[in-house]
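Student: Right, I'll just put the structure down here and ask away after.
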């Protein structure tokens with residue numbers, strides 16, 4: 027629908043000066059129209075020029091008041107003709123509405139705020155704030171002073187609107203021809219492939235990136251002289267998983283800390299995947315915290331923390 031509307035309009039007119047107005051006049055969603063314009067521009071059916079326009083839009087608070095009325099109006103409507111106690115009025119309204127509404131209603135000379143009783147000072151009032159918010163929402167022109175008042179109350183915010191002006195492109199036609207992109211088995215069986223017009227290949231288009239064949243991060247770091255950055259990335263991953271950093275200046279480490287404490291099974295091929303070299307002198311570590319060794323031993327043999335353990339003897 028949107029594509030036919032654009033091409034049909036340009037058949038009889040020189041230009042669509044404002045895509046936003048064009049969409050509004052025809053009941054077309056502007057985002058849908060934008061996608062159509064980009065597609066037609068890619069096929070060079072149209073030439074599109076960017077246009078930008080600053081406008082005001084309602085904040086979330088502004089949208090609430092545009093629908094339910096301003097806080098001061100809600101306060102005024104909550105006060106019966108005889109008046110109401112301050113405590114009862116506060117119970118009837120949302121806390122934010124009560125606070126803002128009382129302040130604005132008093133400022134507008136709509137209500138009398140006594141120590142115990144709140145009463146109306148006028149019989150009827152007009153909710154100009156709600157009317158202004160609805161006018162902003164409808165895109166109507168608003169007096170700058172009134173806009174400034176809404177802005178100070180953070181009920182509106184500036185927004186840059188982006189659209190297009192459109193003219194006929196070098197490949198323009200009243201109707202875009204749909205080219206076939208695939209030759210199917212049905213085309214061959216029916217024989218209609220002879221009458222099909224196929225879309226031209228774009229030999230300059232980039233293919234999908236290949237997932238395999240990447241360098242190992244440490245090799246990549248060495249080539250790029252950025253090993254510190256890569257190590258920092260790995261460090262942050264482990265810290266975010268809950269690990270704690272240990273001193274890294276121990277170039278020779280005990281198998282207990284390197285394997286047992288990390289719950290790798292003893293005498294198991296799981297340890298063979300690491301390039302591990304064992305020393306003859308010293309062949310064992312000098313000191314280990316006995317209480318912690320017992321805890322690790324218990325988890326290996328009997329389990330814990332959701333694990334059943336390895337059910338084998340733990341050797342140290």
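Residue numbers (the numbering used here): 27 to 342.
Each residue gets a CB set at the ideal place from its N, CA and C atoms; glycine is no exception.
Do residue 41 and residue 193 have their C-beta atoms closer together than 8 angstroms?
Tutor: yes
Student: Can you say whether residue 326 is buried or exposed, counting buried as having 16 or more other CB atoms within 10 angstroms of its CB?
Tutor: Buried, by the Cβ-count rule.
Student: For residue 88 versus residue 173, is the C-beta spacing smaller than 8 angstroms?
Tutor: no
Student: Between which two residues does the alpha helix (DSSP H) containing residue 91 stretch?
Tutor: 86 to 94
Student: Looking at the strands, I want to know which residues DSSP matches up with residue 80.
Tutor: 186
Student: Should the stretch 88 to 102 be regarded as contacting the stretch 60 to 71, the criterion being three or more beta carbon pairs within less than 8 angstroms?
Tutor: no
Student: Starting from the C-beta of residue 225, find all residues in its chain whose C-beta is less than 8 angstroms away, skip the five residues before and the five after it, and write them out in chain order.
Tutor: Listed in chain order, the non-local C-beta contacts of residue 225 below 8 angstroms within the same chain comprise 205, 206, 207, local neighbours out to five positions each way being set aside.
Student: Strictly by DSSP, which residues pair up with residue 194?
Tutor: 72
Student: Residue 139 by DSSP, collapsed to three states: which one?
Tutor: strand
Student: Pick out whichever of 289, 28, 340, 316 has its Cα sitting closest to the Cα of residue 332.
Tutor: With distances taken between Cα atoms, residue 332 lies closest to 289.
Student: Can you say whether residue 227 is buried or exposed, counting buried as having 16 or more other CB atoms within 10 angstroms of its CB?
Tutor: Exposed, by the Cβ-count rule.
Student: Taking the alpha-carbon positions, what's the residue 164 to residue 102 distance?
Tutor: Looking at the two C-alpha atoms, the distance is approximately 26 angstroms.
Student: Alpha carbon to alpha carbon, how far is residue 52 from residue 149? Give it in angstroms, no decimals.
Tutor: Residue 149 and residue 52 have their C-alpha atoms roughly 44 angstroms apart.
Student: Tell me the rounded alpha-carbon separation between residue 313 and residue 319.
Tutor: Cα to Cα, residue 313 sits roughly 11 angstroms from residue 319.
Student: Just to confirm, are residue 183 and residue 83 a CB contact at a threshold of 8 angstroms?
Tutor: yes
Student: In whole angstroms, give me the CA-to-CA distance for residue 158 and residue 133.
Tutor: Distance between the alpha carbons of residue 158 and residue 133 is about 18 angstroms.
Student: Is the separation between the beta-carbon of residue 135 and that of residue 147 shorter than 8 angstroms?
Tutor: yes
Student: Keeping to the same chain, check which residues put their C-beta closer than 8 angstroms to that of residue 104; ignore five residues upstream and five downstream.
Tutor: 110, 115, 118, 119
Student: Here's the rule: buried if 16 or more other CB atoms are within 10 angstroms of the residue's CB, otherwise exposed. What is residue 322?
Tutor: buried
Student: Less than 7 angstroms between C-beta atoms, sequence neighbours within five positions excluded: which residues of the same chain meet that for residue 156?
Tutor: 91, 92, 95, 96, 99
Student: Alpha carbon to alpha carbon, how far is residue 169 from residue 139?
Tutor: 31 angstroms
Student: Going straight from the alpha carbon of residue 265 to that of residue 122, what length do you get?
Tutor: The straight-line gap from Cα to Cα measures roughly 42 angstroms.
Student: Between which two residues does the alpha helix (DSSP H) carrying residue 33 extend?
Tutor: Where residue 33 is concerned, the enclosing alpha helix (DSSP H) stretches over 28 to 38.
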